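Colleague: Handing you a structure now.
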Amino acid sequence: MPLLWNISLRKGFPFVTDQPPQDTIGNHTRRPMRPGKALAVSLLLPCLLYGSVVLLAGDRLFVFSKTPPGRESRAALAIRDDVIPFFKWGTLLFTRQYLRKHYAESWYFTQASKGDCREEFASALKQALENYPAVDLYLLAHTNHYIRWVKDLPEELRSRIRFVYNTGCHNEPQGKDWLALGADAYIGHPGVSESPFFYFFLLRHWLHGATLEEALALGNDGMHLKFRQLEWTTFGRFQAEALMKESRASVVGDVGLRLGDTAP
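Convert by adding 420 to the 1-based position in the sequence shown; the result is the number in the working numbering.
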């Protein structure tokens, strides 16, 4: 076993000893944590933190859930618009892990400016549509017109777009246009929405097997609960019903669609 070297100072000069390093506080000596215990703590702590966040948000834990069948037959693309770094980081951290787990292939784009990533997004989408019978799109941006990036693709490819979720304010009316391009279903918000509250619930339940109709209801209910809590904690400064009027999501197209419907 190799020696553990400890560099110390005595009378201004360094010396070397083969004694294991120790931290001394007062009259007490603190020994380093054993590797096995340190590993257990490092693995357990993130799980506990994640569980606490989910439970605090008012949702269930999917501890023993399995990926719905047909993973090899589906792909996904997500794009985040140019916002402050914290929002970019949070959206990436939450979304990418789920897409990687539940889709055979996924692409995640973060814009640095308006119009950024257009060529990369269009190229990746074309590649996905050529290789997978079902492709889902997550448009995680303020009011947007990403649909313009898609309309020039061949009709036979666009027909493989399965589900489109759009967080953008006032983007609910785009639903009929996405269906006309070939998408099977679309979810959007009507006004100046607080869509992140909804997205948290939608993504988790949709990817764990709920139909779009079920995930929509759970997302709207969970969002409403958060708004009511916000109204209570701010003594009415924020009005839950007013927020819901602007934010309540709706679906058009195949409301019975499930993530695993592409299973061969």
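Using N, Cα and C, we set each Cβ at its ideal position, and we do this for glycine too. The model shown is predicted, which means the values in this text are computed figures rather than measured ones.
(1) Tell me, which residues are paired with D556 by DSSP?
(2) Whose C-beta lies closer than 6 Å to the C-beta of F617 among residues of the same chain, with five residues either side of it excluded?
(3) State yes or no: is the C-beta of S613 within less than 8 Å of the C-beta of S670?
(4) Taking the continuous alpha helix (DSSP H) assigned at Y518, which residues delimit it?
(5) Tell me the DSSP secondary structure of Y619 in three-state form.
(6) Near S615, what residues of its chain come up, given a Cβ to Cβ distance below 6 Å and the 5 sequence neighbours on each side ignored?
(7) On a Cα-Cα basis, can you pick out the residue from R494, E575, E539, R538 that is closest to A524?
(8) From the DSSP output, which residues share a beta bridge with A391?
(9) On the three-state DSSP scale, how would you describe E633?
(10) Should E592 be labelled buried (16 or more other beta-carbon atoms within 10 Å of its own) or exposed?
(11) Among the candidates N640, N564, G602, R624, whose CA atom is the shortest distance from the CA of Q531?
(12) Once you ignore the five residues that flank N640 on each side, which residues in its own chain have a CB closer than 7 Å to its CB?
(13) Quick check: the Cα distance between V672 and F583, rounded to an integer number of angstroms?
(14) Residue range of the alpha helix (DSSP H) that E666 falls in?
(15) At a threshold of 7 Å, does W598 count as lining the ligand PLP (C-beta to nearest heavy atom)?
(16) Are the CB atoms of R491 and H522 within a distance shorter than 8 Å?
(17) Give the single residue among R538, K534, L601 whose Cα lies nearest to the Cα of P574.
(18) Return the Cβ separation of A498 and L519 in integer angstroms, given the expectation that the two are a contact with Cβ distance under 8 Å.
(19) At which residues does the beta strand (DSSP E) containing S526 begin and terminate?
(20) On the criterion of 16 or more Cβ atoms from any shown chain inside 10 Å, does T653 qualify as buried, or is it exposed?
(21) Report yes if the C-beta distance between I581 and L557 is below 8 Å; otherwise report no.
(22) Go through its chain and collect everything with a Cβ distance to L463's Cβ below 8 Å, but skip five positions before and after it.
(23) Is L623 near A630, with beta carbons less than 8 Å apart?
(24) Which class does A561 belong to by DSSP, given the choice of helix, strand or coil?
(25) How is the alpha helix (DSSP H) around Q594 delimited, first residue to last?
Modeller: Reading off the structure:
(1) As a first step, residue 556 must be located in the sequence shown, where it is residue number 136. The partner list for D556 (beta bridge, DSSP) reads A496, F583.
(2) For the purposes of this step, residue 617 is taken as the residue at position 197 of the sequence shown. These residues qualify, in order along the chain: M643, K646.
(3) Position 193 of the sequence shown, counted from the first residue, corresponds to residue 613. Position 250 of the sequence shown, counted from the first residue, corresponds to residue 670. No, Cβ-Cβ distance for S613 and S670 is not below 8 Å.
(4) Within the sequence shown, residue 518 is the residue found at index 98, counting from 1. That run of the alpha helix (DSSP H) goes 505-522.
(5) Here residue 619 is taken as the residue at index 199 of the sequence shown, counted from 1. If DSSP states are grouped into helix, strand and coil, Y619 belongs with the helices.
(6) As a working note, residue 615 is residue 195 in the sequence shown. Same-chain partners within the cutoff: T587, H609.
(7) Sequence index remark: in the sequence shown, residue 524 carries index 104 (1-based). Closest by alpha carbon: R494.
(8) Any question about residue 391 goes unanswered here, given that the chain covers just 421 to 684.
(9) As a first step, residue 633 is located in the sequence shown; it is residue number 213 there, counting from the start. If DSSP states are grouped into helix, strand and coil, E633 belongs with the helices.
(10) Translated into the one-based positions of the sequence shown, residue 592 becomes position 172. Buried: at least 16 other Cβ atoms inside 10 Å.
(11) For the purposes of this step, residue 531 is identified with residue 111 of the sequence shown, where counting begins at 1. Ranking the options by Cα distance to Q531, first place goes to N564.
(12) Translated into positions along the sequence shown, residue 640 becomes position 220. Closer than 7 Å at the Cβ level, and outside the excluded window around N640, lie F618, R668, A669.
(13) Translated into the one-based positions of the sequence shown, residue 672 becomes position 252. Translated into the one-based positions of the sequence shown, residue 583 becomes position 163. Their backbone Cα atoms lie some 10 Å apart in a straight line.
(14) Numbered from its first residue, the sequence shown carries residue 666 at position 246. Where E666 is concerned, the enclosing alpha helix (DSSP H) stretches over 660-667.
(15) This structure lacks the ligand PLP; in fact it carries no ligand of any kind.
(16) Along the sequence shown, read from residue 1 onward, the residue named residue 522 stands at position 102. Along the sequence shown, read from residue 1 onward, the residue named residue 491 stands at position 71. Yes. Within cutoff.
(17) Residue 574 sits at position 154 when you count from the first residue of the sequence shown. It is L601.
(18) Position 78 of the sequence shown holds residue 498. Position 99 of the sequence shown holds residue 519. Indeed, because the Cβ distance is near 6 Å, the residues count as touching under 8 Å.
(19) Here residue 526 refers to the residue found at position 106 of the sequence shown. Per DSSP, S526 belongs to the beta strand (DSSP E) from 525-530.
(20) Walking along the sequence shown from the start, residue 653 turns up at place 233. The residue is exposed, with fewer than 16 neighbouring Cβ atoms inside 10 Å.
(21) For this step, residue 581 is matched to residue 161 along the sequence shown. For this step, residue 557 is matched to residue 137 along the sequence shown. It is a contact, given that the beta carbons lie within the stated cut-off.
(22) Looking up residue 463 in the sequence shown gives position 43. Note that L463 has pLDDT 44, beneath the 50 cutoff, so the model's placement of it is unreliable and the number below is only indicative. No residues qualify anywhere along the chain.
(23) Here residue 623 refers to the residue found at position 203 of the sequence shown. Here residue 630 refers to the residue found at position 210 of the sequence shown. No, they are not a contact pair.
(24) Residue 561 sits at position 141 when you count from the first residue of the sequence shown. Of the three classes helix, strand and coil, the one that applies to A561 here is coil, per DSSP.
(25) In the sequence shown, the residue the question calls residue 594 occupies position 174. Premise fails: Q594 is in no alpha helix (DSSP H) and is neither H nor E.
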